[in-house]
Amino acid sequence: MTVYVIVQLKMTDRAAYDRYQARFFDVFRKFSGRLLSAYEQPAVLEGTWDRDKLVLMSFPDEAAFRAWSESPEYVEISSDRKAGAQGIVLLAKGFAP
9 MTVYVIVQLK MTDRAAYDRY QARFFDVFRK FSGRLLSAYE QPAVLEGTWD RDKLVLMSFP
69 DEAAFRAWSE SPEYVEISSD RKAGAQGIVL LAKGFAP
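Now the structure itself:
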């Protein structure tokens with residue numbers, strides 16, 4: 009079942025985050041994920057939002073997501089993401105009627 013990863017970021021060190029971002033696709037393209045959105049100006053339609061960026065990804069299933077997120081290559085670059093931004097990361101399963 010498709011899973012979606014929703015990431016909400018608040019930048020704390022833009023240089024560190026930019027290092028992560030520069031290396032992201034080299035790692036991401038090796039796995040079965042799809043980057044659906046990476047946007048720094050989402051429209052807040054209701055409520056308040058104190059973040060700077062929204063990222064939305066999909067993977068064929070949770071195993072594919074974990075293969076990417078736990079891979080040595082991603083773990084290495086994610087240190088710059090964690091140094092550069094406070095993140096809320098959510099994993100949601102797709103809907104199967």
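Residue numbering for the sequence shown follows the numbering used here, starting at 9 and increasing by one per position. All C-beta atoms in this analysis are idealised placements derived from N, C-alpha and C, irrespective of residue type, glycine included.
Inspect the beta-carbon positions of residue i and residue j and report whether they are closer than 8 Å.
| i | j | result |
| --- | --- | --- |
| Y25 | I85 | no |
| L62 | P80 | no |
| M19 | A91 | no |
| L64 | S45 | yes |
| S66 | G95 | no |
| V13 | F103 | no |
| V97 | V11 | no |
| E48 | D58 | no |
| D88 | M9 | no |
Residues bridged to residue i by DSSP?
| i | result |
| --- | --- |
| R42 | S66 |
| K61 | L17 |
For chain D, find out if any of its Cβ atoms is closer than 8 Å to the Cβ of residue i; answer yes or no.
| i | result |
| --- | --- |
| G95 | Included in the structure is just one protein chain, with no chain D present. |
Would you kindly report the start and end of the unbroken beta strand (DSSP E) that includes residue i?
| i | result |
| --- | --- |
| Q16 | V11 to M19 |
| G95 | A93 to K101 |
Out of the options, which one is the CA nearest neighbour of residue i?
| i | options | result |
| --- | --- | --- |
| L43 | A104, W76 and V52 | W76 |
| K38 | E78, P105 and T56 | E78 |
CA-CA distance, residue i and residue j?
| i | j | result |
| --- | --- | --- |
| V52 | V83 | 31 Å |
| R22 | F32 | 15 Å |
| P105 | A71 | 21 Å |
At what residues does the alpha helix (DSSP H) containing residue i begin and finish?
| i | result |
| --- | --- |
| R31 | R22 to F36 |
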